[in-house]
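*Asks:*
Protein chains: 2
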Amino acid sequence: MLSKKSQYAFKALGYLTEKYTEGPILISEIAKKKKIPLKFLENILLELKKADILDSKKGKGGGYFLKKSPEKVKVATIIRLVNGPISMIPCVSLYFYERCKNCNEKHCGLHEMMTEVRDATLSIVENRTLVDLVDY
Amino acid sequence: MLSKKSQYAFKALGYLTEKYTEGPILISEIAKKKKIPLKFLENILLELKKADILDSKKGKGGGYFLKKSPEKVKVATIIRLVNGPISMIPCVSLYFYERCKNCNEKHCGLHEMMTEVRDATLSIVENRTLVDLVDY
DNA sequence: AAATTAGTCCACAAAGTTTGTGGAGTATTC
DNA sequence: GAATACTCCACAAACTTTGTGGACTAATTT
Chain R
0 MLSKKSQYAF
10 KALGYLTEKY
20 TEGPILISEI
30 AKKKKIPLKF
40 LENILLELKK
50 ADILDSKKGK
60 GGGYFLKKSP
70 EKVKVATIIR
80 LVNGPISMIP
90 CVSLYFYERC
100 KNCNEKHCGL
110 HEMMTEVRDA
120 TLSIVENRTL
130 VDLVDY
Chain L
0 MLSKKSQYAF
10 KALGYLTEKY
20 TEGPILISEI
30 AKKKKIPLKF
40 LENILLELKK
50 ADILDSKKGK
60 GGGYFLKKSP
70 EKVKVATIIR
80 LVNGPISMIP
90 CVSLYFYERC
100 KNCNEKHCGL
110 HEMMTEVRDA
120 TLSIVENRTL
130 VDLVDY
């Protein structure tokens, strides 16, 4: 399961995608519309900014906005950033790989199956972008 | 990611599947061979027994063994049992469903995408069994 | 029947993660 | 320089994970 933080991040990014043409959006507006605790959302958006997904402007007329065009930001990128590995086990992860201590990966049934699961998931989340998060 | 507990459970079940014809297997043997903390493994196996996946026998010649034939036990069942939901978000889960508070499921982009991810994952784990966990 | 073997059960504890909150500071605009 | 809005850091409560310890029960062997 994705953490609440991740779910909040997706809701917020969906909202910013909707409002992409409208310039900076207040944190407080996102928090209210998407029912996200304000201060928690602050942390999340700041993290997304540091990861180059968002940018912000201070002072009057300020707020957060997408740094890149929403169709250029993959859902997979956001998951890895906010939630961590997409794979079910570390020895199968592409971005968070860790060697398995108690099995030989070449001959491990679990390894093989989890690789399939990973690829099935990636085939979706690597091909969806922030645009796919918007309500319709 | 699956918890360590889940990974231990899979390792143990894979081992019991290998040794399916050999009668009861000692917890201590599984723990040693699969490098799982003994007492932690006790808890896991007991849980699997209560869920009717395993059975056990006490005293000399005792140990744990699969209650059903390994090809009859789906991987999906084990994940749900030991790890919890397979879906990435609760409002998309079949077995652990929870309503989403801040979106209309019929018009939510996230909901739609996560349904696809769920189905892609299920198409694998609902069609694999303990047999697929065995090393080869 | 006693000893040995091996699972059962319960409680607890250390560590880590998640989910926040509070408050002072900084940049920008008017 | 006042108001606005993001920034940064620290901390805390709650929960989950990952175990451990010890007494108990059931089955077998001698």
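Residue numbers (numbering that gives the first Met the number 0), protein chains in the order written: chain R, 0 to 135; chain L, 0 to 135. For each residue, glycine too, the CB sits at the ideal point set by N, CA and C.
(1) Could you check whether the Cβ of A50 of chain R sits closer than 9 Å to any Cβ belonging to chain L?
(2) Between the Cα of N103 of chain R and the Cα atoms of R:C90, R:Y94, R:F95, R:E115, which residue gives the shortest distance?
(3) Can you have a look at T120 of chain R and say buried or exposed, based on whether 16 or more other CB atoms are within 10 angstroms of its CB?
(4) Can you give me the C-alpha to C-alpha distance between M87 of chain L and M113 of chain L, rounded to a whole angstrom?
(5) Closest to R127 of chain R by CA distance: which of L:N126, L:E111, L:S122 is it?
(6) Helix, strand or coil: which one does DSSP assign to G61 of chain L?
(7) Per DSSP, which residues does S55 of chain L bridge with? Please list them.
(8) Tell me the DSSP bridge mates of K201 of chain L?
(9) Can you give me the start and stop residues for the alpha helix (DSSP H) that T16 of chain R sits inside?
(10) Do you know offhand how far L12 of chain R's Cα is from L132 of chain R's?
(11) Can you tell me the Cα-Cα spacing of R117 of chain L and A50 of chain R, whole angstroms?
(12) What does a CB cutoff of less than 7 Å around L40 of chain L pick up in its chain, not counting 5 residues either side in sequence?
(13) Which residue from R:H106, R:G108, R:L109, R:I77 puts its Cα closest to that of Y94 of chain R?
(14) Would you kindly work out how many angstroms separate the C-alpha atoms of T16 of chain L and L47 of chain L, rounded to a whole number?
(15) One question on the structure: do L45 of chain L and K66 of chain L come within less than 9 Å of each other, judged by their Cβ atoms?
(16) Does any C-beta atom of chain R lie closer than 9 Å to the C-beta of D54 of chain L?
*Replies:* Taking the definition as stated:
(1) no
(2) R:C90
(3) buried
(4) 7 Å
(5) L:E111
(6) coil
(7) L:Y63
(8) Outside the displayed range of chain L (0 to 135) lies residue 201 of chain L, so it cannot be described from this structure.
(9) 3-17
(10) 8 Å
(11) 27 Å
(12) Y7, A11, I26, I29, A30
(13) R:I77
(14) 14 Å
(15) no
(16) no
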